[in-house]
Each structure stands twice: as structure tokens, then as C-alpha cells.
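Asks:
2 protein chains.
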Amino acid sequence: MIPPVKRPDGPEGQPTELKSYDEVYAELPLLHPTPRSWAELAASRLPEFLADHAVCEQQVAMYGLSLAGYYPDDAELVERAAALAAEEVQHFRRVVAILTKRGWPLGGRRKNVWAQSLRARIVLGREPMTKVDRLLFGALVEARSCERFTRLLEEIDDPEVVHLLADLGPAERRHWEMFYRLAGRNTDEQVLAARFQGWREFEADLARGLGTSPAVHG
Amino acid sequence: MIPPVKRPDGPEGQPTELKSYDEVYAELPLLHPTPRSWAELAASRLPEFLADHAVCEQQVAMYGLSLAGYYPDDAELVERAAALAAEEVQHFRRVVAILTKRGWPLGGRRKNVWAQSLRARIVLGREPMTKVDRLLFGALVEARSCERFTRLLEEIDDPEVVHLLADLGPAERRHWEMFYRLAGRNTDEQVLAARFQGWREFEADLARGLGTSPAVHG
Chain P
10 MIPPVKRPDG PEGQPTELKS YDEVYAELPL LHPTPRSWAE LAASRLPEFL
60 ADHAVCEQQV AMYGLSLAGY YPDDAELVER AAALAAEEVQ HFRRVVAILT
110 KRGWPLGGRR KNVWAQSLRA RIVLGREPMT KVDRLLFGAL VEARSCERFT
160 RLLEEIDDPE VVHLLADLGP AERRHWEMFY RLAGRNTDEQ VLAARFQGWR
210 EFEADLARGL GTSPAVHG
Chain F
10 MIPPVKRPDG PEGQPTELKS YDEVYAELPL LHPTPRSWAE LAASRLPEFL
60 ADHAVCEQQV AMYGLSLAGY YPDDAELVER AAALAAEEVQ HFRRVVAILT
110 KRGWPLGGRR KNVWAQSLRA RIVLGREPMT KVDRLLFGAL VEARSCERFT
160 RLLEEIDDPE VVHLLADLGP AERRHWEMFY RLAGRNTDEQ VLAARFQGWR
210 EFEADLARGL GTSPAVHG
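Have a look at this one:
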């Protein structure tokens, strides 16, 4: 067993004893754990992982802004999605700064099969369920990212990257919970859980076929 | 003559004697001044102006993030565009907060003929000139926004909105200068000026047909 990582001091919070992977996983809505072999691969190809990670942060910031644009009448969603976008832009800049300092290339746009397949499951034009689906999609993106970061933390000892992921993992956890809570505001609890179950199973099926590239969702 | 507005104290800076419209206009690359009648219209329909303004901030934040995604190998552009996006997301949140507090609706996506026509002028797939065009487009969006905010400041006395626009006008000025500087990094000064001249004339032709709706670029 790898002991929990002690997070270094940093600007985003006090040092905290990090939870173990198993503890984190137990609180996430995922139905398929990423194999440790993925983390070993990503740890051995950290420049590629980080370049992909930067793009993920950029994409989720854009997704947050898009959500705000889709639902201008939903003041709570607009403010939450904009705050999320603001946070993700800063994460993007933080990852880019690490890449730049190390002379590692930023990757730019690339195919994220997992995210594309998941997003394609949103049924458009069926409000109010399209909004619910968009939020459940967001919840799963954040949950899986949190899980992957936690998995990778078991395998790396690069202090700067440990620090980064130890900050961002909890942020992703907050975000999936926020998306799920927003999805449930006007939806019966059981209906929401059933709908989310469909999403969770679909995501797990996708995840079972992955784990073979060093990308965040690869 | 309307005297320069005294900007109230605020979190974004020290109180400053604002420049007059004529002073601001003289430093912008625009070839057609917005008529005062537009500002009178926008001032009389402030809820619509602000709702549109919020969407402009959201759109330009997304544009900044897109730029970073298009040019991952250009570290300076990535960091500048991401910093711009971070700033515009905060402007978006600030405008949304004013709308929400007042019970004024946020507008959501709408047709911005000026921006669409301008953006359609970017010739894709002709690097390195496509990048130059994308930056010159950004420069004109920021310059025109700065000009419109300054024009509107002459006509309104709502302290909160005066404060907002008095902060954001100078930010837009910084942004157009930044876009133009980035466009000129690898381009001969005369070539750049000539190319920008084409953009400026095109924009002025668009602007001549506008000024009849309370939108930021309407």
C-alpha cells in the first residue's frame, strides 16, 4: 500500500493529509476504477499528461462559459458556471506555467474520445432534461478528473506536480458535487438518481476501454 | 460639452479623472465615431445594454480561450490570452451581479451582426497571417468596445454603471493594444499597418450602418 501523500504547503490552502485513492473513489459516482497501470504510464510520460491536462482545463472553462450562455435566465447556474470558468482558467494558467518553465510543449487541441462520446450523449432540444443532462455530463467530467488525479498522485514524486494535483483533485470534487446539486434543483430526487445511473453506466463502459494513453481521460 | 466623469473609488483602481470621449477616440484605431444618438438610446435602455454587455464579456472570454487553443506553441500568446480570458470572466460576473441585483434579465445568446461580420473576415488556413488576422480582429473588438463605453459614459449618471464602464473602458484599451502588439511580433511594421488599415476600413463601414440599437455593438 502506498501511504497517503502529504500535500506541500501552498497558496491554495493549508497542508492537509490527503485522502487515499480508495477513500476518494468511494465518494465519487464512478462505477469503474482506473487501473493503476494507467497512472504508471502517465507518471512515466508526465510532459504528455500535463500538456493534455492544460487543454482539459481550457475546455472545461469554455464549457462553463457555454453553460452560462445557454441558460441566461438561471441566475444561480450562470454565477456558478462563471465562477467555475474563472477557477478553471486559473488552473489552465497554472499548468501552462509549469509546462513553460520546464520547456515542455503545450499540446493544443486533440481528440478526447472519452469526453466527445460522453458529450454526444446529451440529448439536445429536450428542455428541461437537456439542462439536467448537461449538468450530469459536467458532474462526470469533474468526477473522473478527480479520480484520475488521485490515482496519479500515488505514482509520482515530482513535488511541483504533486502539489498541483493535490490542489486540483479536491477542486474537481467540489465541482462534480456542484453540478449534481444544480441538476437536482427542479428534478425529483429519484428521477435524478435514475437518470444519473444511466450516465454513470455509460461512462463506466467508456472508461473500461481506456487507460492506455497518458492523457487525463485517455 | 459634457465634462469628464469623475470615477468613483472602487476595487479596480484609484479614482482617476476620466479622459473625455475625444481624447479617448483620438488614441483608438477607429475610423468612424459612434454618434451620440447611440449613447442616448443605450442610456435610455440600460437593462438591454447591460444584458448585451454581459454576453460580450462572456464571448470575448471564450475567444481568448479559443486563441490559446489554436496556438499552443506560442507561449506568450497563450499566457496573454488566458490572462485576458480570466479578466473577461470577472467582468462578466460583475455585469451579471448588477443585472441580478436589479432584477434585470440576462439576455443570453443573440445575433451580434457587427462581430459576426468582422469575424467572418478572418481568412482561415493561411498561417501565419490567420493568426495576425485573429489578433487584429481582437484588437478591433476591444477598441470599439472601449469607444462605445466612453461614449455611453457621457450620457449616464447611474453611479454603479458609471463605475463599471469607467473601469472597463481602460481595460479594453489595454486589450486592444496588447492584441496589436502580439500581431506585430513577427510581422514587418509597415505590412502590419497596411493589413490593419484594411481591417479598420472594413470595421468603419460596418459601424456606419449601426448605432440604432442599445447593444454594445448594435
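Which chain is which? The protein sequence lines are P and F, in order.
The numbers in our numbering rise by one with no breaks, and the one at position 51 of the first sequence is 60.
The numbers in our numbering rise by one with no breaks, and the one at position 177 of the second sequence is 186.
Positions of the beta carbon are idealized from the N, C-alpha and C atoms, including for glycine.
Rounded to whole angstroms, what's the CA-CA distance from residue 223 of chain F to residue 55 of chain F? Just pull it up for me.
Replies: One C-alpha to the other measures close to 8 Å.
Asks: Give me the chain F residues within the contact set of residue 101 of chain P, using Cβ-Cβ distance strictly less than 7 Å, ordered along the chain.
Replies: What residue 101 of chain P touches in chain F: 91.
Asks: Let me know the secondary structure DSSP gives residue 30 of chain P once reduced to three states.
Replies: Helix.
Asks: Would you kindly work out how many angstroms separate the C-alpha atoms of residue 240 of chain P and residue 117 of chain F, rounded to a whole number?
Replies: Residue 240 of chain P lies beyond the residue range present for chain P, which begins at 10 and ends at 227; the question has no answer from this structure.
Asks: Which residues of the stretch 114 to 147 of chain F have a Cβ closer than 8 Å to any Cβ of chain P? Give them in chain order.
Replies: Going along the stretch 114 to 147 of chain F in chain order, one finds 114, 115, 116, 117, 118 with a Cβ nearer than 8 Å to chain P.
Asks: Considering only residues of the same chain and omitting the five flanking positions on each side of residue 132 of chain F, which have a CB-CB separation below 8 Å?
Replies: For residue 132 of chain F, where only same-chain residues beyond five positions count, the Cβ hits under 8 Å are 138, 139, 142.
Asks: Are the Cβ atoms of residue 145 of chain P and residue 106 of chain P separated by less than 7 Å?
Replies: Contact flag unset, no.
Asks: Please go through the stretch 34 to 83 of chain P and give each complete alpha helix (DSSP H) segment of 4 or more residues, from N-terminal end onward.
Replies: Runs of the alpha helix (DSSP H) inside the stretch 34 to 83 of chain P: 45 to 53, 55 to 79.
Asks: Would you call residue 151 of chain F buried or exposed, if buried means 16 or more other Cβ atoms sit within 10 Å of its Cβ?
Replies: Per the 10 Å Cβ criterion, buried.
Asks: Between which two residues does the alpha helix (DSSP H) harbouring residue 172 of chain F extend?
Replies: From DSSP, the alpha helix (DSSP H) with residue 172 of chain F extends over 168 to 192.
Asks: With DSSP as the reference, label residue 126 of chain P as helix, strand or coil.
Replies: Correct three-state label for residue 126 of chain P: helix.
Asks: Give the single residue among P/48, P/120, P/109 whose Cα lies nearest to the Cα of residue 65 of chain P.
Replies: It is P/120.
Asks: What residue range does the alpha helix (DSSP H) around residue 160 of chain P cover?
Replies: Where residue 160 of chain P is concerned, the enclosing alpha helix (DSSP H) stretches over 138 to 162.
Asks: Let's test the definition: count the other Cβ atoms within 10 Å of the Cβ of residue 157 of chain P and tell me whether it reaches 16, buried, or not, exposed.
Replies: Buried, because 16 or more other Cβ atoms sit within 10 Å of the Cβ of residue 157 of chain P.
Asks: For residue 35 of chain F and chain P, any beta-carbon pair shorter than 7 Å?
Replies: No, residue 35 of chain F does not count as interfacial toward chain P.
Asks: Exposed or buried, what is residue 220 of chain P when buried is set at 16 or more other beta-carbons lying within 10 Å of its beta-carbon?
Replies: It is buried - the Cβ of residue 220 of chain P has at least 16 other Cβ atoms within 10 Å.
Asks: Measure the CB-CB distance between residue 48 of chain P and residue 164 of chain P and report whether it falls below 7 Å.
Replies: Result yes, Cβ atoms of residue 48 of chain P and residue 164 of chain P sit closer than 7 Å.
Asks: For residue 179 of chain P and residue 212 of chain P, I'd like the C-alpha separation in whole angstroms.
Replies: About 21 Å.
Asks: Excluding sequence positions up to five away, which residues of its chain have a Cβ less than 8 Å from the Cβ of residue 170 of chain P?
Replies: Same-chain partners within the cutoff: 55, 59, 107.
Asks: Inspect the beta-carbon positions of residue 188 of chain F and residue 148 of chain F and report whether they are closer than 7 Å.
Replies: Result yes, Cβ atoms of residue 188 of chain F and residue 148 of chain F sit closer than 7 Å.
Asks: Quick one: list the residues of chain P neighbouring residue 104 of chain F, beta-carbon separation under 9 Å, in chain order.
Replies: The contacting residues do not exist; residue 104 of chain F stays about 10 Å from chain P at best.
Asks: Could you tell me which of P/98, P/83, P/200 sits nearest to residue 72 of chain P, measuring between CA atoms?
Replies: The residue with the shortest Cα to Cα distance from residue 72 of chain P is P/98.
Asks: Tell me where the alpha helix (DSSP H) around residue 209 of chain F begins and ends.
Replies: Here the alpha helix (DSSP H) through residue 209 of chain F covers 198 to 217.
Asks: Of the residues that make up the stretch 187 to 200 of chain P, which ones have a beta carbon closer than 9 Å to any beta carbon in chain F?
Replies: Of all residues in the stretch 187 to 200 of chain P, none has a Cβ within less than 9 Å of some Cβ in chain F.
Asks: Given this structure, state the Cα-to-Cα distance separating residue 19 of chain F from residue 103 of chain F, to the nearest angstrom.
Replies: Note on residue 19 of chain F: pLDDT 44, under 50, position unreliable in the model; the coordinate value appears next. Whole-angstrom Cα-Cα distance: 13 Å.
Asks: Rounded to whole angstroms, what is the Cα-Cα separation between residue 168 of chain F and residue 214 of chain P?
Replies: Approximately 55 Å, taken between the alpha carbons.
Asks: In chain P, which residues lie with their C-beta within 8 Å of the C-beta of residue 44 of chain F?
Replies: Simply none; closest approach about 29 Å.
Asks: Exposed or buried, which one is residue 154 of chain P when buried takes at least 16 other CB atoms within 10 Å?
Replies: Residue 154 of chain P comes out buried.
Asks: Verify the CB distance criterion: does residue 87 of chain F have a CB-CB separation below 7 Å to chain P?
Replies: So yes, residue 87 of chain F belongs to the interface.
Asks: Exposed or buried, what is residue 227 of chain F when buried is set at 16 or more other beta-carbons lying within 10 Å of its beta-carbon?
Replies: Flag for residue 227 of chain F reads buried.
Asks: Taking the beta carbon of residue 160 of chain F as the centre, do at least 16 other beta carbons fall within 10 Å, making it buried, or is it exposed?
Replies: Buried, since its Cβ has 16 or more Cβ neighbours within 10 Å.
Asks: From residue 68 of chain P to residue 29 of chain F, what does the alpha carbon distance come to, in whole angstroms?
Replies: Looking at the two C-alpha atoms, the distance is approximately 40 Å.
Asks: Does residue 35 of chain P pass the burial test, meaning 16 or more other C-beta atoms within 10 Å, or should it be called exposed?
Replies: So residue 35 of chain P ends up on the exposed side.
Asks: Quick one: grab the DSSP three-state call for residue 110 of chain P.
Replies: Residue 110 of chain P falls in the helix class under three-state DSSP.
Asks: Can you check whether the C-beta of residue 94 of chain P is within less than 7 Å of a C-beta belonging to chain F?
Replies: At least one chain F Cβ lies under 7 Å of residue 94 of chain P.
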